[in-house]
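Enquirer:
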C-alpha cells in the first residue's frame, strides 16, 4: 500500500478516474461554467497519463513534460475563451444554463 | 504493505496516499457540488493534488507550473466569471432529470472501467536506457530545439486567445452600464 508511488498503474487509475469524473460532470451539469470545470478535469487526467508514461516508459523523459506544458497552455487559452463566451451569453440571455440557449430550436 | 511506516519510504508513501485522496475528493466536489463556487474550490483542491502527483513523477517544474497556471490563474478566472455571471438558481427544481444523471453515472463508470482495465491488462514494456534525466535544463533544451516550432505556435495561439477573449467579452456592452 505504501509503495504505490512507484507503480505505473496507480497513475493510470487516477488519470482514468479524473477522466471519468469529468465526463460525468459534463453530462450532468447544466450550467456552462460547470461544464468548463469538468472539461478541465478531463484535460488534467490526460496530462497525468502523459506524465506517468513519460516517467516510467518513454526513453526521453522530457517528452511527456513538454506535452503537459503544451496542454496547460491550450487549457489556459480555452478557459479564457470559454469564460468570455460565458460572459457574452450571460449578457444576452441573463442566464448561463445550457437549456436556456434555445434560439436556434425549431 | 511493502515498507514500514516510519521510514523515509513509508512516509513518502503516506504523503502519496494523502495526495491521491486530495485529488479524488477534489474531483468529486468539483463535479457534484450544488453551488459553482464550491465546485471551483474542489477544482483547485484537485489541481493541488495533481501537482503533488507530478512531483512524485520526478518533475517538480511541471508541478510548479500546475500550481501557477491552474490553481493560480484558471481557478481565479473561473471564480471571476462566476461572480460576473451569477447563476443564482443553479438547480431549478423539476428540471433535473434523475434518469439522465443515472445514465451519465453509468457511462462514466463504464469509461473508467474500460480505461482502467486497459491500463491494468497491458504489459507495458519499459526501456532501460533513458536518453536524458528529464531535468529542467533538458526541458529547456528540448523546447528550444526539437519543439521550437510548437513553442512559437502556442505563443501565437495564446495571443489570439487573449485578443479573442477581450473582443468576445466587450462586444454588446453598452456605454451607460459599462
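Protein chains in written order, with this note's numbering: chain A, 105 to 210; chain B, 860 to 1037.
Glycine is no exception: its CB is placed at the ideal position from the N, C-alpha and C atoms.
All figures in this text were calculated on a predicted structure; none of them were measured in a lab.
#1: Can you tell me the Cα-Cα spacing of residue 867 of chain B and residue 917 of chain B, whole angstroms?
#2: Under 8 Å Cβ to Cβ from residue 108 of chain A, same chain only, skipping five residues before and after it: list those, please.
#3: Taking buried to mean at least 16 other C-beta atoms within 10 Å of its own C-beta, is residue 985 of chain B buried or exposed?
#4: Of the residues that make up the stretch 159-181 of chain A, which ones have a beta carbon closer than 8 Å to any beta carbon in chain B?
#5: Count the other C-beta atoms from every protein chain shown that fall within 10 angstroms of the C-beta of residue 977 of chain B, then say buried if there are 16 or more, exposed otherwise.
#6: If you scan the stretch 110-142 of chain A from start to end, which runs of the alpha helix (DSSP H) of 4 or more residues do you find wholly inside it?
#7: In chain order, what residues of the same chain have a beta carbon less than 7 Å from the beta carbon of residue 892 of chain B, not counting five sequence neighbours either side?
#8: Closer than 8 Å by beta-carbon distance: list the chain A residues that pair up with residue 917 of chain B, in chain order.
#9: Applying the criterion that 16 or more other CB atoms from any shown protein chain within 10 Å of the CB defines a buried residue, is residue 1008 of chain B buried or exposed?
#10: For the stretch 125-144 of chain A, which residues have a CB atom closer than 8 Å to at least one CB atom of chain B, in sequence order?
#11: Please report whether the beta-carbon of residue 980 of chain B lies at a distance below 8 Å from any beta-carbon of chain A.
#12: Listing by chain order, which chain B residues have their CB less than 8 Å from the CB of residue 192 of chain A?
#13: Should residue 874 of chain B be counted as a contact of the ligand MG given a C-beta to heavy atom distance under 7 Å?
#14: What whole-angstrom Cβ distance do residue 963 of chain B and residue 106 of chain A have, given they're in contact under 8 Å?
#15: Could you spell out where the alpha helix (DSSP H) holding residue 922 of chain B opens and where it closes?
#16: Hey, does residue 942 of chain B have any beta-carbon neighbour from chain A nearer than 8 Å?
#17: What residues in its chain sit with their C-beta under 7 Å from that of residue 1002 of chain B, if we drop five residues either side in the sequence?
#18: What would DSSP say about residue 201 of chain A, mapped onto helix, strand or coil?
Expert: Reading off the structure:
#1: Taking the first residue of the second chain as position 1, residue 867 of chain B is located at position 8. Taking the first residue of the second chain as position 1, residue 917 of chain B is located at position 58. Taking the straight line joining both Cα atoms gives about 17 Å.
#2: Position 4 of the first chain holds residue 108 of chain A. So the qualifying residues of the chain are 114.
#3: As a working note, residue 985 of chain B is residue 126 in the second chain. Flag for residue 985 of chain B reads exposed.
#4: 159, 160, 161, 162, 163, 164, 165, 166, 167, 169, 170, 172, 173, 174, 176, 177, 178, 179, 180, 181
#5: Within the second chain, the letter at position 118 stands for residue 977 of chain B. Exposed, since its Cβ has fewer than 16 Cβ neighbours within 10 Å.
#6: 112-132
#7: What you label residue 892 of chain B is simply residue 33 of the second chain in a count that begins at 1. Result list for residue 892 of chain B: 898, 901, in chain order.
#8: Indexing the second chain from 1 puts residue 917 of chain B at position 58. Here the neighbours are 159, 165.
#9: The residue labelled residue 1008 of chain B in the question sits at position 149 within the second chain. Answer is exposed; the Cβ neighbour count stays below 16.
#10: 125, 126, 127, 128, 129, 131, 132, 133, 134, 135, 137, 138, 140, 141, 142, 144
#11: Position 121 of the second chain, counted from the start, is the residue given in the question as residue 980 of chain B. No, no contact with chain A.
#12: Stepping through the first chain from its first residue, residue 192 of chain A is reached at position 88. Neighbours of residue 192 of chain A on chain B, chain order: 1027, 1028, 1030, 1031.
#13: The ligand MG is absent from the structure shown, which contains no ligand whatsoever.
#14: Locating residue 963 of chain B in the second chain gives position 104, counting from the first residue. Locating residue 106 of chain A in the first chain gives position 2, counting from the first residue. Not really, about 35 Å apart at Cβ, beyond 8 Å.
#15: Against the second chain, residue 922 of chain B aligns to sequence position 63. Per DSSP, residue 922 of chain B belongs to the alpha helix (DSSP H) from 919-924.
#16: Position 83 of the second chain, counting from 1, holds the residue named residue 942 of chain B. No, residue 942 of chain B lies away from the interface with chain A (no Cβ there is under 8 Å from its Cβ).
#17: Counted from its first residue, the second chain places residue 1002 of chain B at position 143. Only 1010 meet the Cβ criterion.
#18: Position 97 of the first chain, counted from the first residue, corresponds to residue 201 of chain A. Of the three classes helix, strand and coil, the one that applies to residue 201 of chain A here is strand, per DSSP.
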